[in-house]
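Student: Structure below; questions to follow.
Protein chains: 2
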Amino acid sequence: MGALTIGRLADAAGVNVETVRYYERRGLLVPPPRTASGYRQYGDADLWRLAFIRRAKALGFTLAEISSLLETDATGARSAERVLATASARLAAVEQQMDDLDRVRARLRSLLATCEQGGDDCTSLRPEPVST
Amino acid sequence: MGALTIGRLADAAGVNVETVRYYERRGLLVPPPRTASGYRQYGDADLWRLAFIRRAKALGFTLAEISSLLETDATGARSAERVLATASARLAAVEQQMDDLDRVRARLRSLLATCEQGGDDCTSLRPEPVST
DNA sequence: CTTGACCCCGGACCGAGGTACGGGCCGTAG
DNA sequence: CTACGGCCCGTACCTCGGTCCGGGGTCAAG
Chain H
1 MGALTIGRLA
11 DAAGVNVETV
21 RYYERRGLLV
31 PPPRTASGYR
41 QYGDADLWRL
51 AFIRRAKALG
61 FTLAEISSLL
71 ETDATGARSA
81 ERVLATASAR
91 LAAVEQQMDD
101 LDRVRARLRS
111 LLATCEQGGD
121 DCTSLRPEPV
131 ST
Chain R
1 MGALTIGRLA
11 DAAGVNVETV
21 RYYERRGLLV
31 PPPRTASGYR
41 QYGDADLWRL
51 AFIRRAKALG
61 FTLAEISSLL
71 ETDATGARSA
81 ERVLATASAR
91 LAAVEQQMDD
101 LDRVRARLRS
111 LLATCEQGGD
121 DCTSLRPEPV
131 ST
């Protein structure tokens, strides 16, 4: 229940002070009340929010997606539907990336294998159909 | 053996004209001879080089790495050692990314599974140790 | 009361890999 | 000859997620 300054909040969440203000500009954090002299006053809910953002970022969500995930309706409830939709889109993207990486890995391995034989291919990075 | 204008070269390689000039500025393409009026005149070697860049990019090499891959020694030979080193570094990076994605995928799947049960976790994106 | 750490703000900057713009010359088909 | 498309150049702009800067006000310890 502590009232936190921006610096303490940032420390507690393990992010940069500038990042906190950036998130506020981006609409990820709710503008907190201010002291008479203009200092931001944060509470535990803000710390939770920052932690949420960190977790979501670690899962690869963009800030825009996280922003959407954090939106609440008039009653203050988050939409499970939106979370489901966003998360499954993210999962699909992750799986796509893994497929791509798998192909790249195979090509790199064969390049290395050929190259270690001293083959000339080593210096040419042979074509192999690439549809990008 | 055709003498290509920048536009034809770009079309043939499937890239933007601006990209060709950008690569020249970046040192990836050798500044070609010019006509009396200053038009760049490209040959097949340039087309090959652009294709090489495309292939390398598809494998995830950065332009800086590609630049290094394209360097030739005094005799015009590319260094197999450098190719090997760069490619194996890239392979390691790809494998690391795959590991990371694998963990993310698992977490997304469990999030989705919980969420579909209508669990409250759906709206909270549970912590799960994240070391980022 | 002073000093140093903290906070305020708007705006500039980073890196990667381009893309777009604007003013002006060139080249060729009709 | 003229119009239109292609080329020249330098510079600005884009995305993404921050990070830094400079000038100025504030708070707590000594």
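Those sequence lines, one after another, are chains H and R.
Here the numbering used here is used: position 30 in the first sequence is 30, and no number is missing along the way.
Here the numbering used here is used: position 85 in the second sequence is 85, and no number is missing along the way.
Heads up, the beta-carbon is just placed ideally off N, CA and C, and yes, glycines get one too.
Can H:Q41 and H:P33 be called in contact, C-beta distance under 8 Å?
Tutor: The answer is yes: Cβ separation under 8 Å.
Student: When we look at the beta-carbon of H:R103 and count the other beta-carbons within 10 Å, is it buried (16 or more) or exposed?
Tutor: The residue is exposed, with fewer than 16 neighbouring Cβ atoms inside 10 Å.
Student: Got a sec: is the Cβ-Cβ distance from R:E71 to anything in chain H below 8 Å?
Tutor: no
Student: Roughly how many angstroms lie between the CA atoms of R:K57 and R:Q117, to the nearest whole one?
Tutor: Pairing R:K57 with R:Q117, the inter-Cα distance amounts to about 42 Å.
Student: Given 8 Å as the limit, is there contact between the segment 93-107 of chain R and the segment 94-103 of chain H, that is, 3 or more CB pairs closer than that?
Tutor: yes
Student: Near H:E128, what residues of its chain come up, given a Cβ to Cβ distance below 7 Å and the 5 sequence neighbours on each side ignored?
Tutor: Confidence is the limiting factor: at H:E128 the pLDDT is only 48, short of 50, which leaves the residue's position unreliable, though a coordinate-based value still follows. Once the five neighbours on either side are set aside, the close Cβ partners of H:E128 are R107.
Student: Mapping DSSP to helix, strand and coil, what is R:Y23?
Tutor: If DSSP states are grouped into helix, strand and coil, R:Y23 belongs with the helices.
Student: Decide if R:A87 is buried, meaning its Cβ has at least 16 other Cβ atoms within 10 Å, or exposed.
Tutor: buried
Student: What is the rounded straight-line gap between the Cα of H:V92 and the Cα of H:V83?
Tutor: The amino acid at residue 92 of chain H is misidentified as Val; the sequence shows Ala. Distance between the alpha carbons of H:A92 and H:V83: 14 Å.
Student: Per DSSP, which one or two residues make a beta bridge with H:I42?
Tutor: The sequence shown places Tyr at residue 42 of chain H, rather than the Ile named in the question. H:Y42 pairs with H:L4.
Student: The segment 42-60 of chain R: which residues have C-beta closer than 8 Å to a C-beta of chain H, in chain order?
Tutor: A51, F52, R54, R55, A56, K57, A58, L59, G60
Student: To which residues of the same chain is R:G60 closer than 7 Å at the C-beta, ignoring the five residues directly before and after it?
Tutor: R90, V94
Student: If distances are taken between C-alpha atoms only, which option among H:G38, H:S37, H:Y39, H:E24 comes closest to H:L50?
Tutor: Considering only H:G38, H:S37, H:Y39, H:E24, the residue with the shortest C-alpha distance to H:L50 is H:E24.
Student: For a contact defined as C-beta to C-beta under 9 Å, what are the partners of R:E95 on chain H?
Tutor: L101, R105
Student: Please compile the residues from chain H whose C-beta is within a distance smaller than 8 Å of the C-beta of R:L84.
Tutor: L112, C115, E116, C122
Student: Which residues does DSSP list as the beta-bridge partners of R:R34?
Tutor: R:R40
Student: With H, G and I counted as helix, E and B as strand and the rest as coil, what does DSSP make of H:L29?
Tutor: If DSSP states are grouped into helix, strand and coil, H:L29 belongs with coil.
Student: At the 8 Å Cβ level, is R:R26 part of the contact set with chain H, yes or no?
Tutor: no
Student: Drop a sphere of 10 angstroms on the beta-carbon of H:A45, count the other beta-carbons inside from all chains shown, and report buried for 16 or more, exposed for fewer.
Tutor: Label assigned to H:A45: exposed.
Student: On the criterion of 16 or more Cβ atoms from any shown chain inside 10 Å, does R:R26 qualify as buried, or is it exposed?
Tutor: exposed
Student: Does R:A80 come within less than 8 Å of chain H when only Cβ atoms are used?
Tutor: yes
Student: Could you tell me the distance, in whole angstroms, from the CA atom of H:S79 to the CA atom of H:G7?
Tutor: Taking the straight line from one Cα to the other gives about 31 Å.
Student: Compare the Cα-Cα distances from H:S37 to each of H:Y22, H:T72, H:T5 and report the closest residue.
Tutor: H:T5
Student: For a quick check, are the C-beta atoms of R:L47 and R:A12 less than 8 Å apart?
Tutor: yes
Student: Hey, is H:A13's beta-carbon within less than 8 Å of any beta-carbon in chain R?
Tutor: no
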